[in-house]
Amino acid sequence: MLKHTFLMIFLLLMTDSGIAGKSLILQSTTSTANSGLYDYLLPLFEKDTRVKVNVVAVGTGQAIKNAQNCDGDVLLVHAKAAEEKFIAEGYGVERFDVMYNDFIFVGPPGDPANIRNLRQAVGGLKKIAESESIFLSRGDNSGTHKKELSLWKYAGLDPVVASGTWYRETGSGMGATLNVAVEMNAYAMTDRGTWISFGNRQDFEILLSGDKDLFNQYGVMMVNPERCDKMNMQSAKTFIDWILSDKGQGLIANYQLQGQQLFFPNAK
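Add 1 to the 1-based position in the sequence shown for my numbering, that's all there is to it.
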């Protein structure tokens, strides 16, 4: 009886102190996970708050679907129009800008489509299409894929009609797509954070960057507890408040690989 009493007191103390019972599921993109950002950030968050974060790293489209199915507490992705739709349809509570970087075009040093000196993404895509140089698309409804398709549309081109010829869709994450691009000597569009952390570049280079149309904004939002009554609302709020705080934003700014900053905080 005495042993049982001590056990109950211990479990209560653990719960009250946050050692046990506090956790959340973060539906997020492969780019934030592959870049190592969470490996750096989450231990610091968990130390501050005693809330355990379980990351599900998938493409943005899948992450949004998972959150709509109540398989998550917080959504952190990079496709603003889709995020705003998620909120408007009542699946999320409120969306906040959290950080940004940019998309870039990478390819072999021979640059068969001659896009190296261009400053506009649309011009680069037109040259790739005209030369029928191999281009690797994720083809997975991720944030990167959504951005790529919007750029093709802006260029007045539909690359899907060339699917299987010079336009190839991997249906895979960014790292896997980059590996295939390197193997096939093909062009690919990627976020800069993933490229900096990518270990199989060989002789591939950044060939086109700096266009304002390649801006890559990340947003964070809580899943709506009115739709998902079993979600961990308090833990979700704790995470969002922390990542938007001066400390969270400062830590994002300080994260570097190879002397390069991967993400730039911009919470308001």
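Glycine included, every Cβ here is placed at the ideal spot set by N, Cα and C.
Run through DSSP, which three-state label would Leu258 get?
-> strand
Buried or exposed: Arg139, going by 16 or more other Cβ atoms within 10 Å of its Cβ?
-> buried
If you run the structure through DSSP and keep just helix, strand and coil, what is Met175?
-> Here Met175 carries a helix assignment [DSSP, helix/strand/coil].
Could you tell me if Gly220 is buried or exposed, where buried requires 16 or more neighbouring beta carbons within 10 angstroms of its beta carbon?
-> buried
Can you tell which of Asn233, Val54, Tyr155 has its C-alpha closest to the C-alpha of Ala34?
-> Val54
Excluding the five sequence neighbours on either side, which residues of its own chain have a C-beta within less than 6 Å of the C-beta of Asn255, listed in chain order?
-> Nothing listed; no residue qualifies.
Can you check the segment 48-81 for any alpha helix (DSSP H) of at least 4 residues that lies completely inside it and give the ranges in chain order?
-> 61-69
C-alpha gap between Ala163 and Thr171, whole angstroms = 14 Å
Is the segment 153-161 in contact with the segment 184-192, if contact means three or more CB pairs nearer than 8 Å?
-> no
For Tyr168, collect the residues of the same chain with a Cβ closer than 6 Å to its Cβ; drop the 5 residues on either side in sequence, then sort them by chain order.
-> Shown here for Tyr168: same chain residues with a beta carbon closer than 6 Å to its own, the five before and five after excluded, namely Phe136, Pro160 in chain order.
Nearest to Lys81 by CA position, among Asn217, Asp247, Met175, is which residue?
-> Asn217
Outcome for Leu45 when other beta-carbon atoms lying within 10 angstroms are tallied against a minimum of 16 = exposed
Rounded to a whole number of angstroms, what is the C-alpha to C-alpha distance between Asp103 and Val75?
-> 23 Å
Which residue or residues does DSSP assign as beta-bridge partners of Val107?
-> Ala189, Ile207
Could you have a look at Tyr92 and say whether DSSP puts it in helix, strand or coil?
-> In the structure shown, Tyr92 falls within a coil segment according to DSSP collapsed to helix, strand and coil.
Ser24 - containing beta strand (DSSP E), residue span = 24-29
Which residue's Cα is closest to the Cα of Asn67: Phe240, Met232, Thr239?
-> Met232
Can you tell which of Lys238, Gly73, Glu95 has the C-alpha that lies nearest to the C-alpha of Thr50?
-> Lys238
Closer than 7 Å by C-beta to Asn180: which residues in its own chain qualify, once you throw out the five before and the five after it? Chain order, please.
-> Counting only Cβ-Cβ distances below 7 Å, and skipping sequence neighbours, we find Asn201.
Going by beta carbon distance, what residues of the same chain come within less than 7 Å of Ala177, once the five residues before and after it are set aside?
-> Scanning its chain for C-beta atoms nearer than 7 Å, with the 5 sequence neighbours on each side dropped, one finds around Ala177 the residues Thr171, in chain order.
Taking Ala83 and Ile65 to be in contact with their CB atoms under 8 Å, please state how far apart those CB atoms are, rounded to whole angstroms.
-> Between Ile65 and Ala83 the Cβ distance is about 6 Å, and since that is below 8 Å, they are a contact.
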